[in-house]
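A.B. asks:
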Amino acid sequence: MLIIHLTRRVDSTIALKISCPDADTFQSSINALKFLIPAPSRSYHRVAKCWIILASAARELETYLSTMVARFCADVITEEEQSSEAKHEEGRDDNSSEAGRDEEEQAWSPFDRRRKMTLGRAQATLFVTADAPVEVVQSAYRALAKLHHPDVKGGNETRMRAINQAYEMLTEAFRMRASAA
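Using the working numbering, read the sequence shown as starting at 3 and increasing by one per residue.
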């Protein structure tokens, strides 16, 4: 739940503060977004300035919330992948013949299979779709890098490493598609 505080100040501005009381879910969201908005008056200039600042606040809030949702989804995806891998390992038949495994591995090139899984994982890490253009991938990378960078707000190094790898993999895939076309 987000709380929006609007306070009219003495200097005829409006302070807009967006916060979230659940600090465990949104770690740094309390007092994270603060904006000073000129109070609207009859002056066209002040009204226009007010709308411009509100629009930038809305964009920043949208980026912030999408990043928070992305972080939450990444944790859920990781847990699901770990549980499915554990189930797969438990379900593997130890008595299966080695020849059958070799044929199966030859039918699926390990490079292709690993490549598909990593591209899907990279897309999930950056929270982009498979048909997302380069600009969307870059903006998702920037938003996540700002949030998880180790030098800023005590970010998560392992998460940042995964974000960097995903970005490199997706940009490489875009380059390969462009050179093939």
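All C-beta atoms in this analysis are idealised placements derived from N, C-alpha and C, irrespective of residue type, glycine included. Predicted model, so just to flag it, every value in this text is computed and none were measured.
In the DSSP assignment, the alpha helix (DSSP H) including phenylalanine 176 goes from what residue to what residue?
C.D. replies: Counting from 1 along the sequence shown, the entry for residue 176 is found at position 174. From DSSP, the alpha helix (DSSP H) with phenylalanine 176 extends over 159-182.
A.B. asks: Which of the three DSSP states, helix, strand or coil, is assigned to histidine 151?
C.D. replies: The residue labelled residue 151 in the question sits at position 149 within the sequence shown. The answer is coil: DSSP assigns histidine 151 none of H, G, I, E or B.
A.B. asks: Could you tell me which of Val136, Ala145, Asp133 sits nearest to serine 68, measuring between CA atoms?
C.D. replies: Numbered from its first residue, the sequence shown carries residue 68 at position 66. Measuring from the Cα of serine 68, the nearest candidate turns out to be Ala145.
A.B. asks: Distance, Cα to Cα, alanine 180 vs arginine 123?
C.D. replies: Numbered from 1 along the sequence shown, position 178 holds the residue referred to as residue 180. Numbered from 1 along the sequence shown, position 121 holds the residue referred to as residue 123. Near 21 Å, if we compare the C-alpha coordinates of arginine 123 and alanine 180.
A.B. asks: Taking only the alpha-carbon atoms, compute the straight-line gap between glutamate 137 and leucine 172 and give it to the nearest angstrom.
C.D. replies: As a working mapping, residue 137 is identified with position 135 in the sequence shown. As a working mapping, residue 172 is identified with position 170 in the sequence shown. Roughly 12 Å separates the two Cα atoms.
A.B. asks: For chain D, check one thing: does any of its Cβ atoms lie closer than 8 Å to the Cβ of proline 152?
C.D. replies: Included in the structure is just one protein chain, with no chain D present.
A.B. asks: Please classify threonine 127 as buried or exposed, where buried requires at least 16 neighbouring CB atoms within 10 angstroms.
C.D. replies: For the purposes of this step, residue 127 is taken as the residue at position 125 of the sequence shown. Counting Cβ neighbours within 10 Å, threonine 127 comes out buried, since at least 16 surround it.
A.B. asks: Does DSSP put valine 130 in a helix, in a strand, or in coil?
C.D. replies: The sequence position of residue 130 within the sequence shown is 128, counting from 1. Reduced to three states, the DSSP call for valine 130 is coil.
A.B. asks: Can you give me the C-alpha to C-alpha distance between leucine 121 and aspartate 133, rounded to a whole angstrom?
C.D. replies: In the sequence shown, the residue the question calls residue 121 occupies position 119. In the sequence shown, the residue the question calls residue 133 occupies position 131. Taking the straight line joining both Cα atoms gives about 12 Å.
A.B. asks: Can you tell me which of the three DSSP states glycine 156 falls into?
C.D. replies: Within the sequence shown, numbered from 1, the residue matching residue 156 stands at position 154. Three-state result, glycine 156: coil.
A.B. asks: On the premise that threonine 131 lies in contact with glutamine 140, defined as a C-beta separation below 8 Å, what is that separation, rounded to the nearest angstrom?
C.D. replies: Working through the sequence shown from its first residue, we reach residue 140 at position 138. Working through the sequence shown from its first residue, we reach residue 131 at position 129. Incorrect: roughly 15 Å between the Cβ atoms, too far for contact.
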